[in-house]
Amino acid sequence: MRILLIVLLMAAAAPALSAQAPASPPSALPSGPLTLVEAIRLGRERGVNASLARINERITGARVSERRADILPSISGGASVTRQTLNLDEFGIPIASGITPAFNIWRFQVRAAQTVFDASLITRLRAARDTAAAAGLDAQAVGEMAGATAGLAYLRVLSAEETVRARESDSTVAATLLSQTRQLVQAGVNPIIDQTRSEVSFASVRTQLEVARNTLDRARLDLLRTLDLPSNTSLTLADTLGVGSLAVPLDADSAAAYAESHRAELAAEHARTTAALRSLQSIRYENLPNLSVNGGYTESAQTLGSLAGTYNIQLLLSVPILDGWRRQNRAKEQSARVEAQQIRERDLSNQVQTEARQSVLDLSSAQHQVSIASERVHLAEQELSQAEERLRAGVAGTVETTNAQSSVIEAHDALIQARVNYGTARVTAYRALGIIDQLQ
Numbered sequence: 012m013r014i015l016l017i018v019l020l021m022a023a024a025a026p027a028l029s030a031q032a033p034a035s036p037p038s039a040l041p042s043g044p045l046t047l048v049e050a051i052r053l054g055r056e057r058g059v060n061a062s063l064a065r066i067n068e069r070i071t072g073a074r075v076s077e078r079r080a081d082i083l084p085s086i087s088g089g090a091s092v093t094r095q096t097l098n099l100d101e102f103g104i105p106i107a108s109g110i111t112p113a114f115n116i117w118r119f120q121v122r123a124a125q126t127v128f129d130a131s132l133i134t135r136l137r138a139a140r141d142t143a144a145a146a147g148l149d150a151q152a153v154g155e156m157a158g159a160t161a162g163l164a165y166l167r168v169l170s171a172e173e174t175v176r177a178r179e180s181d182s183t184v185a186a187t188l189l190s191q192t193r194q195l196v197q198a199g200v201n202p203i204i205d206q207t208r209s210e211v212s213f214a215s216v217r218t219q220l221e222v223a224r225n226t227l228d229r230a231r232l233d234l235l236r237t238l239d240l241p242s243n244t245s246l247t248l249a250d251t252l253g254v255g256s257l258a259v260p261l262d263a264d265s266a267a268a269y270a271e272s273h274r275a276e277l278a279a280e281h282a283r284t285t286a287a288l289r290s291l292q293s294i295r296y297e298n299l300p301n302l303s304v305n306g307g308y309t310e311s312a313q314t315l316g317s318l319a320g321t322y323n324i325q326l327l328l329s330v331p332i333l334d335g336w337r338r339q340n341r342a343k344e345q346s347a348r349v350e351a352q353q354i355r356e357r358d359l360s361n362q363v364q365t366e367a368r369q370s371v372l373d374l375s376s377a378q379h380q381v382s383i384a385s386e387r388v389h390l391a392e393q394e395l396s397q398a399e400e401r402l403r404a405g406v407a408g409t410v411e412t413t414n415a416q417s418s419v420i421e422a423h424d425a426l427i428q429a430r431v432n433y434g435t436a437r438v439t440a441y442r443a444l445g446i447i448d449q450l451q
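The opening position of the sequence shown corresponds to residue 12 in the numbering used here, with each subsequent residue numbered one higher.
Laid out in structure tokens, this is it:
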């Protein structure tokens with residue numbers, strides 16, 4: 012009966028030992044306007060790919076526990092009652108013959124086994140830990156990518172908002188020019204064709220405004236989708252398309268070295284290479300002897316009141332000799348896998364260095380684009396101002412004002428695009444260097 016109680020207690024404790032804490036829920040949205048940094052954080056936490064990568068990390072972690080079970084004690088218990096008879100003649104005992112009356116056999120048993128030493132199993136457990144570490148780094152890398160994607164979607168919304176504001180300003184200017192032209196035509200100063208040109212220009216700007224508003228609505232939906240939020244969620248953006256501060260290496264060689272030591276993808280690939288090498292080592296260790304101990308304890312009798320116990324303990328040394336060279340061929344296969352993994356790691360290292368160098372070049376180019384585009388806006392607005400003065404003075408027609416306004420629109424678009432390029436280059440640089448979480 013003591014054995015039965017032990018078995019029942021073990022069965023009751025098993026679910027509690029195997030239970031795991033539930034995954035933490037996604038973080039709540041900020042109550043106020045959403046900043047670029049918060050959008051990146053939400054992308055890392057709520058992005059679908061990031062969430063799936065974290066689930067995969069948990070799966071891989073569970074596999075480590077499965078491997079650990081190979082070297083932990085194995086305990087099993089059982090209880091049975093058997094109603095039987097015996098044919099004594101089959102035992103060949105001269106003084107005992109015939110078939111016995113039916114009787115009961117009660118049996119309670121516990122068996123246990125423990126690996127004392129197995130180099131292959133220990134190395135396989137270490138390989139599983141390396142694989143789990145790689146999965147954790149993969150989850151970090153996917154989270155950084157999801158954060159960067161959310162940041163870029165955020166910048167597209169900012170770009171669309173500034174485009175709408177620019178088109179609204181352009182519409183105001185076009186309406187003013189149209190009013191001035193009508194007055195000049197009514198006064199007989201300008202021909203009627205100038206009024207037609209102004210009306211065409213005003214209609215063109217209004218059309219561009221409607222297109223810009225539609226682009227803004229679509230960009231907002233894309234941002235909500237990136238953050239895995241309902242499409243009817245209302246978000247207010249706090250940042251603008253400005254030139255932010257930089258805290259990254261701006262030299263190409265320094266950036267490449269910095270990225271190699273900070274990119275989670277490269278660390279994950281290195282962990283996978285280590286896991287592949289350990290797996291190869293574990294196959295080779297299968298040729299070594301292993302030591303284990305096992306035993307059991309049984310209580311049995313024809314009645315519960317007369318139970319008696321017996322036990323057995325066995326120390327087992329197993330020496331592999333030949334398995335048809337299966338282990339040797341598995342080692343050859345794993346060696347090829349290790350070589351392929353080393354090639355992937357080397358290629359990813361080159362890719363990381365290239366991306367880091369490119370990001371530094373893009374940052375420098377984007378900064379110059381913003382400076383040039385700002386000067387272009389200043390010159391285009393000056394041209395429009397001079398054209399308006401000439402129109403009011405009656406020395407020029409609407410051709411000059413229409414062309415000047417078109418130049419202003421193009422200059423504003425170029426400046427918005429330059430700022431978007433700078434913001435994109437900034438987010439991409441932090442992502443390429445593996446420090447997207449340090450973006451300010």
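C-beta atoms are modelled at their ideal positions from N, C-alpha and C, and glycine is treated no differently.
Could you check if residue i is buried or exposed, using at least 16 other CB atoms within 10 Å of its CB as the buried criterion?
i      : result
Asp149 : buried
Asn115 : exposed
Gln364 : buried
Trp117 : buried
Leu47  : buried
Tyr165 : buried
Gln449 : exposed
Asp181 : buried
Gly316 : exposed
Thr71  : buried
Asp141 : buried
Leu291 : buried
Ile427 : buried
Ile51  : buried
Thr412 : buried
Thr285 : buried
Asp201 : First, the amino acid is wrong: residue 201 is Asn here, not Asp. With 16 or more Cβ atoms within 10 Å of its Cβ, Asn201 is classed as buried.
Do residue i and residue j have their C-beta atoms within less than 8 Å of each other?
i      : j      : result
Glu179 : Leu220 : yes
Ala171 : Val216 : no
Glu421 : Ser360 : no
Asn432 : Ala377 : yes
Glu280 : Glu366 : no
Asn301 : Phe102 : no
Leu169 : Leu240 : no
Arg57  : Gly154 : no
Ser524 : Ala123 : As displayed, the chain neither begins before 12 nor continues past 451, which places residue 524 out of reach and without an answer.
Glu210 : Leu189 : yes
Ala266 : Val371 : yes
Val438 : Leu163 : yes
Leu195 : Gly405 : yes
Leu326 : Val304 : yes
Ala161 : Asn60  : no
Gln125 : Gly307 : no
Arg137 : Arg289 : yes
To the nearest whole angstrom, what separates the beta carbons of residue i and residue j, a pair I think is in contact under 8 Å?
i      : j      : result
Arg78  : Ala139 : 4 Å
Ala429 : Leu374 : Ala429 to Leu374, Cβ: 13 Å. No contact.
Ala456 : His423 : No answer is possible for residue 456: it lies beyond the span of the chain, which begins at 12 and ends at 451.
Thr409 : Thr174 : With a Cβ gap of about 25 Å, Thr409 and Thr174 do not count as contacting.
Glu68  : Gly147 : 5 Å
Leu53  : Leu238 : 5 Å
Ala425 : Arg387 : 6 Å
Gly434 : Leu261 : Rounded, the Cβ-Cβ distance is 17 Å, inconsistent with contact.
Between residue i and chain C, is there a C-beta pair that is closer than 8 Å?
i      : result
Glu310 : Protein chains in the displayed structure number just one, and chain C is not present.
Would you check if the stretch 443 to 451 and the stretch 199 to 206 touch, i.e. whether three or more CB-CB distances between them fall below 8 Å? In short, these stretches do not touch, since the Cβ pair count stays below three.
Assess contact between the stretch 410 to 424 and the stretch 379 to 397, defined as three or more Cβ pairs (one per stretch) separated by less than 8 Å. Is contact present? Between the stretch 410 to 424 and the stretch 379 to 397, the count of Cβ pairs shorter than 8 Å is three or higher; the stretches touch.
Are three or more beta carbon pairs between the stretch 291 to 298 and the stretch 258 to 271 nearer than 8 Å? No, the stretch 291 to 298 does not touch the stretch 258 to 271.
For the stretch 104 to 113 against the stretch 62 to 80, are there 3 or more C-beta pairs whose distance is under 8 Å? No, the stretch 104 to 113 does not touch the stretch 62 to 80.
Just list the alpha helix (DSSP H) runs in the stretch 179 to 245, keeping only unbroken ones of 4 residues or longer that don't cross its boundaries, in chain order. Counting only runs of 4 or more residues that sit fully inside the stretch 179 to 245, the alpha helix (DSSP H) segments are 203 to 237, in chain order.
Where in the stretch 101 to 145 do unbroken runs of the beta strand (DSSP E), each at least 3 residues long, occur, reported from the N-terminal end onward? Listed in chain order, they are 114 to 128.
What are the uninterrupted segments assigned as beta strand (DSSP E) that are 3 or more residues long and contained completely in the stretch 43 to 94, given in chain order? Within the stretch 43 to 94, no complete beta strand (DSSP E) run reaches 3 residues.
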